[in-house]
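Notes follow the structure.
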Amino acid sequence: MKERLQKLISAAGLCSRRQAEGWITAGRVTVNGRVAVLGERADPGVDRVEIDGKPLKAPERHYYILLNKPAGYVTTLSDPEGRPVVTDLLREIPARLYPVGRLDYNTEGLLLLTNDGALAHHLAHPRHEVEKTYLVRLRGHLSDEDRSRLQNGVVLEDGPTAPARVARVRLSGQHTWLEITIHEGRNRQVRRMCEAIGYPVSRLKRIRLAFLDLGRLGAGEYRHLSKEEVNRLHSL
Ligand code: URA
Numbered sequence: 022m023k024e025r026l027q028k029l030i031s032a033a034g035l036c037s038r039r040q041a042e043g044w045i046t047a048g049r050v051t052v053n054g055r056v057a058v059l060g061e062r063a064d065p066g067v068d069r070v071e072i073d074g075k076p077l078k079a080p081e082r083h084y085y086i087l088l089n090k091p092a093g094y095v096t097t098l099s100d101p102e103g104r105p106v107v108t109d110l111l112r113e114i115p116a117r118l119y120p121v122g123r124l125d126y127n128t129e130g131l132l133l134l135t136n137d138g139a140l141a142h143h144l145a146h147p148r149h150e151v152e153k154t155y156l157v158r159l160r161g162h163l164s165d166e167d168r169s170r171l172q173n174g175v176v177l178e179d180g181p182t183a184p185a186r187v188a189r190v191r192l193s194g195q196h197t198w199l200e201i202t203i204h205e206g207r208n209r210q211v212r213r214m215c216e217a218i219g220y221p222v223s224r225l226k227r228i229r230l231a232f233l234d235l236g237r238l239g240a241g242e243y244r245h246l247s248k249e250e251v252n253r254l255h256s257l
């Protein structure tokens, strides 16, 4: 399909449409060997588009993956200690994927990964901080008073935490299970909040991120997000 040249050039990730218009006007763009003019269209599947004599690459396909991260994987792209990395679980995806936010080595659950830098940036921005719900197992029995402390905010070394929601508290043997929902994204936040009031976390799993949940995905399994889900994430 024919598209305006500036659209093709910006879709290849080289620059904005406006800058591409400047390149066309400056005579840096050719179509099938002939200098292009502003307003011209080309079909990247048929026409040879070049900028400064270099062929235009096909637009990068974007992948949006929801992974159920198992414990024992790091969310960085490589690990100096040689531990397994989450992208080891996504070898079939032919793109360089970046995690949106992070989960600790021993934290399980919902992790988004994408090669769409604009979306990753959008979701990581503090203004768009989305709700995240964690299933937490604590050592000890959480008292009502301590539950209120978690909800109202706990003072950590990097400042007090914002109010959180604590739900479905259930005691089991020497442990307490609960769901905690936060919208901040500080490093090791849930573990540090619980430790700060005297309850070490023995298991931590993210079960929801905004409107997304894990569904039936087993540990280590993933799925592609639908177009509707991607659009909803963009508009958060
Ligand atoms: N809070 C934590 O403590 N760890 C995580 O991995 C995510 C949230």
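Residues in the sequence shown are numbered from 22 upward in steps of one, following this note's numbering. Note that CB positions come from ideal geometry on N, CA and C, so glycine has one too.
- In terms of side-chain proximity, the C-beta atom of V211 is found nearer than 6 Å to a non-hydrogen atom of ligand 1.
- Closest in alpha carbon position to P115, among R82, H142, E129, L87, is R82.
- In the structure shown, the three-state DSSP call for G138 is helix.
- Within the stretch 100-153, the complete beta strand (DSSP E) segments of 3 residues or longer fall at 129-135, listed in chain order.
- Here the C-alpha atom of G93 lies approximately 5 Å from the C-alpha atom of N127.
- At a Cβ-Cβ threshold of 7 Å, D73 and R39 do not count as neighbours.
- Nearest to N173 by C-alpha distance, out of G60, A183, D165, is A183.
- Just so you know, the alpha carbons of E71 and D100 end up roughly 39 Å apart.
- By the Cβ rule, the stretch 217-229 counts as touching the stretch 160-173, because three or more pairs are nearer than 8 Å.
- With a minimum length of 3 residues, the unbroken runs of beta strand (DSSP E) contained wholly in the stretch 43-81 fall at 50-52, 70-72.
- Beta-bridge annotation (DSSP): Y243 is paired with L88.
- Within the DSSP bridge table, the entry for K226 names E129, L156 as partners.
- Between the stretch 134-154 and the stretch 83-91, the count of C-beta pairs closer than 8 Å reaches three or more; the two stretches touch.
- Contact annotation, L159 with V222: C-beta distance approximately 6 Å; criterion of less than 8 Å satisfied.
- Here A41 has Q27, I30, S31 as same chain residues with Cβ atoms under 6 Å from its own Cβ, once five neighbours each way along the sequence are excluded.
- The three-state reading of DSSP puts L163 in coil, since its state is none of H, G, I, E or B.
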